[in-house]
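Numbering (the numbering used here), first residue to last: -2 to 339. Glycine residues also receive a C-beta, built at the ideal position from the N, C-alpha and C atoms. This report refers to the structure that appears directly beneath it.
Here it is as structure tokens:
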């Protein structure tokens, strides 16, 4: 269990102005509607401000404009959601395996592993692997030959690193992720059969990267696939070979990036969106891709891009979907009418 903190303790660490009792112990987090005594919550959207009058939370993180409606103690800040994110780190669940190497682990003698590295049951570590201080590798994870893992990186249970994967410092790779598998490279031969293309590149991942459960990032065909510093990737994401993802980009669940896609810095891909086209897609910095949108051509202007069809009642949706086939003809007719009018 995490050690209880007071609101004064929290304010000293993250900033903000305490209103009310700053000395009461806080031992957990909660939503405004679900929090109980001893928990701290947050109001980050005016949508939920009515819950301020009924919440049982002992303290709430909020903006000054909502302070009068708060019935208990409060921490007043400029950005409640960012502050709450920082506060959440004080109450995170600690299930680390620091300071142990399980006897069932299989480790090649040529691997260079710092004495502070923790290794769980049935872990397999290949030849010429380098693992820096503070790394935690949970049960059943496989680290292939020639991999490099940076300081304080965590590989959760059942992660697979193929050969020649480089992971930076303070990364987290969640269960079921597969890093460095062969890219999907084939070309038809003279008989119409598929000829495989050897995938001889590697995978290079920067520092402070989070990779979600069951996400796959393929190795490069010739050059490395690259994920830069601070990238956050959700569960069930597919990143094809030779992609390059710019620093501090956020990729939500079930996104697919076709091989050789380049994504700039500080981009966001919402759930079930993707990128891929006839030619490699290059996306500039600062692009936000809405849910279910597929970017099929390069984008050189920052902004929000959307391309999915809004939902309707089924019969109305079906009629509108069928009419898409007539849009070009309708456009030509309207243009002709406008010309005739002139």
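Would you decide whether residue i is buried or exposed? Buried here means 16 or more other CB atoms lie within 10 Å of its CB.
i, result
"residue 80", "buried"
"residue 96", "exposed"
"residue 171", "buried"
"residue 309", "exposed"
"residue 326", "exposed"
"residue 320", "exposed"
"residue -2", "Reliability of the predicted coordinates at residue -2 is poor, the pLDDT of 47 falling under 50, and the value obtained from them is presented with this limitation in mind. By the 10 Å Cβ count, residue -2 comes out exposed."
"residue 241", "buried"
"residue 333", "exposed"
"residue 54", "buried"
"residue 91", "exposed"
"residue 86", "exposed"
"residue 294", "exposed"
"residue 153", "buried"
"residue 133", "buried"
"residue 72", "buried"
"residue 197", "exposed"
"residue 29", "buried"
"residue 20", "exposed"
"residue 135", "buried"
"residue 331", "exposed"
"residue 225", "buried"
"residue 75", "exposed"
"residue 234", "buried"
"residue 345", "The shown model of the chain, from -2 to 339, leaves out residue 345, and the question about it has no answer."
"residue 106", "exposed"
"residue 139", "buried"
"residue 300", "exposed"
Reducing DSSP to helix, strand and coil, say where residue i ends up.
i, result
"residue 29", "coil"
"residue 333", "helix"
"residue -2", "Confidence at residue -2 is low in this model, with a pLDDT of 47, below 50, so its placement is unreliable and the value that follows should be read with caution. Of the three classes helix, strand and coil, the one that applies to residue -2 here is coil, per DSSP."
"residue 63", "helix"
"residue 196", "coil"
"residue 178", "strand"
"residue 44", "helix"
"residue 307", "coil"
"residue 124", "coil"
"residue 107", "coil"
"residue 88", "helix"
"residue 94", "coil"
"residue 167", "coil"
"residue 11", "helix"
"residue 290", "coil"
"residue 157", "strand"
Starting from residue i, trace the beta strand (DSSP E) both ways and give me its first and last residue.
i, result
"residue 77", "Residue 77 -> not in any beta strand (DSSP E); alpha helix (DSSP H) instead, spanning 77 to 85."
"residue 183", "183 to 185"
What are the partner residues of residue i, as DSSP defines its beta bridges?
i, result
"residue 300", "284"
"residue 39", "58"
"residue 253", "235 and 271"
"residue 229", "207 and 247"
"residue 361", "Outside the shown range of the chain, which is -2 to 339, sits residue 361, and nothing can be said about it."
"residue 134", "116 and 152"
"residue 213", "175 and 235"
"residue 23", "2"
"residue 260", "242 and 280"
"residue 201", "163 and 223"
"residue 191", "185"
"residue 266", "248 and 286"
Quick check on the DSSP output: the alpha helix (DSSP H) that includes residue i runs from which residue to which?
i, result
"residue 220", "From DSSP, residue 220 is part of no alpha helix (DSSP H); its letter is neither H nor E."
"residue 162", "No alpha helix (DSSP H) contains residue 162, which is instead part of the beta strand (DSSP E) from 162 to 164."
- Quick check: the stretch 185 to 196 against the stretch 147 to 162, are there 3 or more CB pairs under 8 Å? Two segments are said to touch when three or more pairs of C-beta atoms, one from each, lie closer than 8 Å; by this definition the stretch 185 to 196 does not touch the stretch 147 to 162.
- Message: Check whether the stretch 168 to 180 and the stretch 212 to 223 touch, using three or more Cβ-Cβ pairs below 8 Å as the test.
- Response: Yes, they touch.
- Message: Whether or not the stretch 164 to 173 and the stretch 196 to 209 are in contact is what I'm after, with contact meaning three or more pairs of Cβ atoms, one per stretch, closer than 8 Å; do they touch?
- Response: Touching, yes.
- Message: For the pair the stretch 58 to 65 and the stretch 35 to 44, tell me if three or more CB-CB distances fall below 8 Å.
- Response: The answer is yes - the stretch 35 to 44 touches the stretch 58 to 65, with three or more Cβ pairs under 8 Å.
- Message: When you compare the stretch 269 to 286 with the stretch 238 to 255, are there three or more beta-carbon pairs, one atom per stretch, that lie closer than 8 Å?
- Response: Contact holds: three or more Cβ-Cβ distances are below 8 Å.
- Query: Counting Cβ pairs closer than 8 Å, one from the stretch 63 to 83 and one from the stretch 94 to 108, do we hit at least three?
  - Reply: Judged by Cβ distances under 8 Å, the stretch 63 to 83 makes no contact with the stretch 94 to 108, as fewer than three pairs qualify.
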